[in-house]
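Following my numbering, the numbering of the sequence shown begins with 9 at its first residue and continues without gaps.
Note that beta-carbon positions come from the ideal geometry of N, C-alpha and C, so glycine has one too.
What you are looking at is a predicted structure, and each value in this text was computed from that prediction instead of being measured.
First comes the structure, then the notes that go with it.
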Amino acid sequence: MFEFDQYLGFLAFLTILTIGFWLMIFLLTFVVPYWLFGNLREMYQERREAKRAKRNE
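The structure is reproduced here in C-alpha cells:
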C-alpha cells in the first residue's frame with residue numbers, strides 16, 4: 009500500500025497537523041484570554057489613576 013518514504017511523509021504530515029491543532033487550542037484557551045484580561049485590567053487601572061489625578065488637582 010505505502011512505500012516507506014510515503015509512510016514517513018504521512019507521519020510527518022500527521023505530526024505537523026497535530027502540533028498545529030494543539031497550538032491553536034493552547035492559544036485560544038490560554039494566551040488570548042490572558043492577553044485580553046491583562047489589557048482590560050491595565051485600561052481600568054489607567055482610567056482609575058486618571059480620575060484620581062483629576063480629583064487631586
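Looking at the backbone, the Cα of glycine 28 and that of glycine 46 are separated by about 25 Å. Judged by DSSP in its simplified three-state form, phenylalanine 21 adopts helix. About 11 Å separates the beta carbon of phenylalanine 12 from that of phenylalanine 18, a gap too long to meet the 8 Å contact definition. Cα atoms of isoleucine 33 and lysine 62: separation of roughly 43 Å, rounded to the nearest angstrom.
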